[in-house]
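All remarks here apply to the structure that follows.
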Amino acid sequence: MNSLTLRGLTLGEGKPKIIVPLCAGNQEALLQKASALSSHPFDLVEWRADFMDAVHAADTPDHALAAELSRCAKALRGLLGDTPLLFTLRSQKEGGEALLPPSRYMILNQAAAESGAVDLVDVELSCGADCVQENIRRIHAAGVHVIASSHDFQKTPEQAVLTERLLAMQRCGADIAKLAVMPQSAADVLTLLAATEEVHRLHPELPLVTMSMGELGVLSRISGELFGSCMSFAAAVESSAPGQLPAKTLSQLLSVLHEDGRPSVS
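Numbering (this note's numbering), first residue to last: 6 to 271.
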């Protein structure tokens, strides 16, 4: 697996890294939740900025909202120290709270990247190839990495569709490809795992983050080291998607699988 190092943390080596979400309506609540993370095991933090009240104020000028999010990112960085930070504006169509025109989405992602406080920015594949590529160009220009993402909260498409979706993210220039789908059966979970393994095997240069959501998909959240997913989302102070395990439980399971998966020496 190709590796990517962020603030001394290398993705794609050893156990999948644990990333925990923060969802809050304002800076004060955001920082309170960030302070509460200290009792949980985690490697990265995702700031779900689509939960911020200001993001939903349509009458706020783009530049004012961008400045507010930048200030929040810097304040959050002050609490997180060297923990890598992912900035995400998840759209309603992909299971989030944001309803933004492409131009505003792009401006806010760029502002987060240029804040100097963020290490990764999430860009949704569904915003269209031109929008994705321009987002990535601006974010990369700020020296920040990109996770391209795709979420299906209704179903699990066929394996060929999943692999093509991941490779489309690579073609757009993403540094990491993320895919989350909803299983309706155990076979759907296997489809997601098979797609992950296929892309990881044929394109080891592309770091992957994949998951099958809900209770059925828990296996996919703990088996990334085997199939090729370099991160797993977990619940610390809160969860942001169905099926996320508590961070402490996930940490224990990843450690057990990592140790048991090593070849024995006789």
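The beta-carbon is built from N, C-alpha and C at its ideal position, and this holds for glycine as well.
Evaluate contact between the region 184–193 and the region 119–129, counting only Cβ atoms and requiring at least three cross-stretch pairs below 8 Å. no
Counting only runs that start and end within the region 22–58, where is the alpha helix (DSSP H) found for 4 or more residues in a row? 32–40
Are the region 223–237 and the region 194–206 touching, with three or more C-beta to C-beta distances below 8 Å? yes
Tell me the DSSP secondary structure of V123 in three-state form. Along the sequence shown, one-based indexing puts residue 123 at 118. Coil at V123, not helix or strand.
Can you check whether the CB of V50 is closer than 8 Å to the CB of I24? The residue labelled residue 24 in the question sits at position 19 within the sequence shown. The residue labelled residue 50 in the question sits at position 45 within the sequence shown. Against a cut-off of 8 Å, the Cβ pair of V50 and I24 comes out as a contact.
Rounded to whole angstroms, what is the Cα-Cα separation between S260 and K20? Working through the sequence shown from its first residue, we reach residue 260 at position 255. Working through the sequence shown from its first residue, we reach residue 20 at position 15. Approximately 7 Å, taken between the alpha carbons.
When the Cα of S154 is compared with those of A71, Q249, L255, L91, which residue comes out closest? As a working mapping, residue 154 is identified with position 149 in the sequence shown. Selected option, being the one with the closest Cα: L91.
Alpha-carbon to alpha-carbon, E264 and Y110: The residue labelled residue 110 in the question sits at position 105 within the sequence shown. The residue labelled residue 264 in the question sits at position 259 within the sequence shown. Computed Cα separation, rounded: 42 Å.
Exposure label - E73; buried when at least 16 CB within 10 Å: Residue 73 sits at position 68 when you count from the first residue of the sequence shown. Result: buried.
Which of helix, strand or coil DSSP assigns to V60: On the sequence shown, residue 60 is found 55 positions in, with the first residue counted as 1. The answer is helix: DSSP assigns V60 an H, G or I state.
Is the region 106–123 in contact with the region 35–44, if contact means three or more CB pairs nearer than 8 Å? no
Reduced DSSP secondary structure (H/G/I, E/B, other) of F232: Position 227 of the sequence shown, counting from 1, holds the residue named residue 232. The answer is helix: DSSP assigns F232 an H, G or I state.
Return the residue from the list S131, Q97, A39 that minimises the CA-CA distance to A78. As a position in the sequence shown, residue 78 is number 73, starting the count at 1. The residue with the shortest Cα to Cα distance from A78 is A39.
Grab the span of the beta strand (DSSP E) containing K183 for me, first residue to last. The residue given as residue 183 occupies position 178 in the sequence shown. It spans 181–186 - the beta strand (DSSP E) in which K183 sits, taken as one unbroken run.
Between A240 and P251, which are expected to be in contact by the criterion C-beta below 8 Å, what is the C-beta distance as a whole number of angstroms? Working through the sequence shown from its first residue, we reach residue 240 at position 235. Working through the sequence shown from its first residue, we reach residue 251 at position 246. Indeed they touch by this definition, with Cβ atoms about 5 Å apart.
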